[in-house]
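Worksheet: one structure, shown below.
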Amino acid sequence: MASITHYTLPRPEFEDAPKVLIVVSPYYKEIADAQLAGARAELDAAGAAHETIEVPGALEIPTAIRIAYRQADFDGFVALGCVIRGETTHYDTVCNDSSRALQLLGLEGACIGNGILTVENLDQAIVRAEPGEQNKGGGAAAAALHLIALTRKFAPAAKGIGFKTGSKQA
């Protein structure tokens, strides 16, 4: 299986630059900083405008995204954080609940790239976070960009309001 490669979709192109919110939990600051570097580089390469907000932990990421999705005008979102397995079942709760909440928001129409790492140890987190390694922050940003492009592709045509012009009245 070592010879199997991962295919990466070509970066989408946009006529109008998308506006993306990165929501990051810096609980493991070094990991979060590496994820942010990867995400920002990917968004910059696509010409996307972006801003970043921080929340205390992975469980707060979906709530922050929902607030912004409902109350601001972002085209998409990048969720970044890291959950490392510990000695209790708290790991399972945080991983499952944050992932499920993001998925439910996505099914509502929010374009979210999920870059919340769920790992067994710090070494796994480092490899996944570093832009020169697996670059999961960049991958999450790319996922958000692809969903934004898809949303724009399938957007309904704008409809005018009022009376039709050019028709004769009897």
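Take 31 as the starting number for the sequence shown in my numbering and just add one per residue.
Just so you know, even glycine gets a beta-carbon here, dropped at the ideal spot from N, CA and C.
By Cβ distance below 8 Å, which residues in the same chain neighbour isoleucine 95 in space, the five residues on each side in sequence not counted?
-> Leu51, Val53, Phe107, Ala109, Leu132, Leu135, Ala140 and Ile142
Glutamate 117 at chain D interface by Cβ criterion, 8 Å | Within the model displayed, chain D is absent; a lone protein chain is all it includes.
Where proline 40 and glycine 190 are concerned, what is the direct C-alpha to C-alpha distance, given to the nearest angstrom?
-> 35 Å
Rounded distance between the beta-carbons of serine 128 and isoleucine 146, thought under 8 Å = 6 Å
Buried versus exposed, by CB contacts within 10 Å (16 or more), serine 33 = exposed
Can the beta-carbon of glycine 162 be found less than 8 Å from the beta-carbon of leucine 66?
-> no
Tell whether a beta-carbon distance below 8 Å holds between alanine 159 and valine 124.
-> no
Contacts around leucine 180, its chain only, beta-carbon distance under 6 Å, and the 5 residues preceding and following it disregarded = none
Per DSSP, what kind of secondary structure is isoleucine 142 in: helix, strand or coil?
-> strand
Which one or two residues does DSSP pair with valine 50 in a beta bridge?
-> His80 and Gly106
Counting along the chain, where does the alpha helix (DSSP H) carrying glutamate 163 start and finish?
-> Taken as a continuous stretch (DSSP letters only), glutamate 163 belongs to no alpha helix (DSSP H), as it is neither H nor E.
Separation of serine 55 from glutamate 43, as counted between CA atoms | 29 Å
Around the Cβ of aspartate 105, are there at least 16 other Cβ atoms within 10 angstroms (buried) or fewer (exposed)?
-> buried
For the candidate residues Tyr57, Lys49 and Ala102, whose alpha-carbon lies nearest to that of alanine 155?
-> Tyr57
What does a CB cutoff of less than 7 Å around proline 92 pick up in its chain, not counting 5 residues either side in sequence?
-> Ser128, Ala131, Leu132 and Leu135
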